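In the numbering used here, the protein residues as written are 28 to 232. Report on the structure given below.
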């Protein structure tokens with residue numbers, strides 16, 4: 028509940044994508060006592076997942092595994108593949124025995140990860156990224172825990188959708204739709220800033 032409340036508060040006050048995702052990971056670690064939390068966004072063209080925010084210990088773990096939504100890629104994390112392709116959380120409550128994690132088991136166990144969950148981030152019904160959480164406790168992700176965490180990932184996905192629309196509207200306000208050439212509004216905006224800066228410093232433009 029602390030994680031859910033903290034992340035929703037961050038969604039309300041933070042309007043920059045990377046800052047919001049980094050804050051969400053920090054809250055998950057500090058308030059939710061997860062050993063590691065990270066968020067990755069999917070490149071729809073390549074099928075690769077790019078980590079954009081992380082918090083907690085053993086962050087170098089992400090450099091040791093293949094982050095991809097494509098099936099059949101050697102060394103790919105199967106939980107990421109499942110979450111993105113099926114659009115449902117991929118849960119492993121005992122990483123030591125879960126057969127899905129065979130290719131990455133050594134890396135996880137050596138860092139003390141005993142259970143983990145990868146939740147898809149959905150924007151307009153499409154999986155565009157993941158929220159991954161790891162715990163040093165076995166059987167950490169029970170039904171009640173997953174109900175709350177699914178709500179968390181849903182809220183993050185909704186926030187990403189709103190930010191994406193804001194970015195598009197901001198772009199359309201300053202650039203021509205067909206040519207992508209900056210328009211008069213952007214020109215006036217830049218000139219106004221330059222004049223204001225020059226006025227403060229007593230210089231010309």
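For every residue, glycine included, the Cβ atom is placed at its ideal position computed from N, Cα and C. These numbers come from a predicted model, not from an experiment.
Selected residue, minimal CA-CA separation from residue i, among the options
{"i": "residue 116", "options": "37, 141, 78, 147", "result": "147"}
{"i": "residue 71", "options": "173, 203, 150", "result": "150"}
{"i": "residue 92", "options": "218, 171, 133", "result": "133"}
{"i": "residue 42", "options": "218, 229, 191, 227", "result": "191"}
{"i": "residue 174", "options": "185, 144, 33", "result": "144"}
{"i": "residue 152", "options": "198, 170, 135, 181", "result": "181"}
Unbroken alpha helix (DSSP H) run spanning residue i, endpoints
{"i": "residue 109", "result": "105-113"}
{"i": "residue 102", "result": "That residue, residue 102, is in no alpha helix (DSSP H); it is neither H nor E in DSSP."}
{"i": "residue 177", "result": "170-201"}
{"i": "residue 218", "result": "211-228"}
{"i": "residue 208", "result": "That residue, residue 208, is in no alpha helix (DSSP H); it is neither H nor E in DSSP."}
{"i": "residue 58", "result": "44-59"}
{"i": "residue 39", "result": "29-40"}
Boundaries (first-last residue) of the beta strand (DSSP E) holding residue i
{"i": "residue 93", "result": "No beta strand (DSSP E) contains residue 93, which DSSP labels as neither H nor E."}
{"i": "residue 127", "result": "Here residue 127 belongs to no beta strand (DSSP E), and DSSP marks it neither H nor E."}
{"i": "residue 149", "result": "142-150"}
{"i": "residue 118", "result": "117-119"}
Neighbourhood of residue i by C-beta distance below 8 Å, restricted to the same chain and skipping five residues each side
{"i": "residue 112", "result": "96, 98, 154"}
{"i": "residue 201", "result": "209, 210, 212, 213, 216"}
{"i": "residue 66", "result": "48, 51, 52, 78, 79, 80, 81, 148, 156, 157, 158, 159, 183"}
{"i": "residue 94", "result": "67, 75, 76, 77, 78, 103, 104, 107"}
{"i": "residue 34", "result": "50, 51, 54, 55, 179, 182, 183"}
Buried versus exposed call for residue i [16 or more other C-beta atoms within 10 Å across all chains shown]
{"i": "residue 62", "result": "buried"}
{"i": "residue 221", "result": "exposed"}
{"i": "residue 69", "result": "buried"}
{"i": "residue 50", "result": "buried"}
{"i": "residue 15", "result": "Absent from the model: residue 15. The displayed extent of the chain is 28 to 232, so no value can be given."}
{"i": "residue 205", "result": "exposed"}
{"i": "residue 230", "result": "exposed"}
{"i": "residue 223", "result": "exposed"}
Residues near residue i in its chain [Cβ-Cβ closer than 7 Å; skip 5 each side]
{"i": "residue 139", "result": "62, 163"}
{"i": "residue 84", "result": "62, 63"}
{"i": "residue 142", "result": "119, 120, 121, 122, 162, 164, 165, 166, 167, 168"}
Closer than 8 Å to chain D by CB, residue i
{"i": "residue 188", "result": "Considering every chain present, this structure includes no chain D. It has just one protein chain."}
Identity of the residues DSSP links to residue i by a beta bridge
{"i": "residue 64", "result": "82, 160"}
{"i": "residue 154", "result": "149"}
{"i": "residue 69", "result": "76"}
Close Cβ partners of residue i (< 6 Å) along its chain, the five nearest in sequence each way excluded
{"i": "residue 127", "result": "105"}
Closer than 7 Å: residue i CB and nearest the ligand ADP heavy atom
{"i": "residue 117", "result": "Looking for the ligand ADP in the displayed structure turns up nothing, as the structure carries no ligands at all."}
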